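Going letter by letter, the sequence shown gives residues -16 to 202 in our numbering. This report concerns only the one structure given below.
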Amino acid sequence: MNSQVEENYLKALFYLSIDNEDGVSVKVLSKHLDIKMPTVTSMMKKLAAKHLVNYESYKPLKLTEKGTKEAALVIRKHRLTEMYLVEKMHLGWEQVHDIAEQIEHIKSPEFFSKMDELLGYPKIDPHGSPIPDKNGKMVWKAYNKLSECKVNDTVKIAAVINTSDEFLTFLNGRDISLGLEMTIQSIEQFDNTIVVSYNKHSSETLSHRVCERLLVEKY
């Protein structure tokens, strides 16, 4: 059984590996977790002894098949919890991350299986991220960034890349949520600012930075 600290390392490696198929350096993992490199190296040796990580000095770190599954199951618990907090307890999508960080380390499979059942077996969390299944398998869908779209495109918000409280609160203030349909009115050539229309918002201006963080499905 892995400790909470070990699970956090596995989860971090999982996320970093998405954009780094050749492996993740100790330095990158150290910076991501804000933990000193000798401490990270010591933990990698410990996880390697459990066959969760492939570790060799001066070579990129890679999760083993076992480690990948363990990490995905922690992520499953986190995302199911976020969905439960939003759907059943009516918390805002900007309120659930820190709570889920604590609950994801509970060791009872029955607890999360019941949560999954009560939710109707959701495939995504409140932020549009895929929820791994009981075997740790995760299905990724290919979305476009809003920043990649063109004038007159009609799109639906499918997911958010950044789930910080500040960003989600920003979206709340503009009535932007998952499933929202919007049409691109114009794109500013100078800085790629996009003007969109949706519901009662006839001309909402979104910066390029915001549009980079919104994933959409095109119609």
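C-beta atoms are modelled at their ideal positions from N, C-alpha and C, and glycine is treated no differently. No experiment lies behind these values; they were computed from the predicted model shown.
- Item | Pairwise C-alpha distance: Asn3 and Lys45 | 10 Å
- Message: Measuring straight from C-alpha to C-alpha, what distance separates Val57 and Met165?
- Response: Whole-angstrom Cα-Cα distance: 34 Å.
- With distances taken between CB atoms, is the gap from Ile177 to Ser169 smaller than 9 Å? yes
- Reduced DSSP secondary structure (H/G/I, E/B, other) of Glu171: coil
- Cβ separation of Ile82 and Leu102, assumed to be a contact under 8 Å, to the nearest whole Å: About 16 Å separates the two Cβ atoms, so there is no contact after all.
- Within the segment 124 to 199, ranges of the beta strand (DSSP E) (whole runs, at least 3 residues): Every unbroken stretch of the beta strand (DSSP E) spanning 3 or more residues and falling wholly within the segment 124 to 199 is given here in chain order: 137 to 143, 164 to 170, 177 to 181, 184 to 189.
- Can the beta-carbon of Ala142 be found less than 9 Å from the beta-carbon of Gly111? Taking a C-beta distance under 9 Å as the contact criterion, Ala142 and Gly111 qualify as a contact pair.
- Nearest CA to the CA of Lys90: which residue from Ser147, Arg59, Ala32? Arg59
- Three-state secondary structure assigned by DSSP to Pro109: Looking at Pro109 - three-state DSSP - the assignment turns out to be coil, as it is neither helix nor strand.
- Item | Leu12, DSSP secondary structure in three states | Here Leu12 sits in helix by DSSP.
- Task: Give the DSSP-derived three-state secondary structure of Lys60 in the structure shown.
- Result: helix
- Message: I need the DSSP call for Lys201, collapsed to helix, strand or coil.
- Response: strand
- Helix or strand or just coil, what does DSSP make of Leu101? helix
- In the DSSP assignment, what are the bridge partners of Leu44? Bridge pairing for Leu44: Val7 [DSSP].
- Around the C-beta of Gly50, are 16 or more other C-beta atoms found within 10 angstroms, so that it is buried, or is it exposed? buried
- Item | Beta-carbon separation (whole angstroms), Met72 vs Pro105, contact threshold 8 Å | Going by Cβ atoms, the distance from Met72 to Pro105 rounds to 15 Å, so no, they are not a contact pair.
- Query: Leaving out five residues before and five after Pro109 in sequence, what residues of the same chain have Cβ atoms less than 7 Å from its Cβ?
  - Reply: Glu65, Met66, Val69, Trp76, Val79
- Among the residues of its own chain, which have a CB less than 7 Å from the CB of Tyr38, if the five just before and after it don't count? Cβ neighbours of Tyr38 beyond the five flanking positions: Met27, Lys28, Ala31, Leu44.
- Query: Could you give the C-beta distance for Leu163 and Lys139, rounded to a whole number, given that I count them as a contact under 8 Å?
  - Reply: 7 Å
- Query: Quick one: is Arg192 buried, meaning 16 or more other Cβ sit within 10 Å of its Cβ, or exposed?
  - Reply: exposed
- Item | Same chain, Cβ closer than 6 Å to Tyr202, neighbours up to 5 away in sequence not counted | Thr137
- Query: Which partner residues of Asn37 appear in the DSSP bridge assignment?
  - Reply: Lys45
- Task: Can you tell me which of Lys52, Val11, His184, Phe94 puts its alpha carbon nearest to the alpha carbon of Met121?
- Result: Lys52
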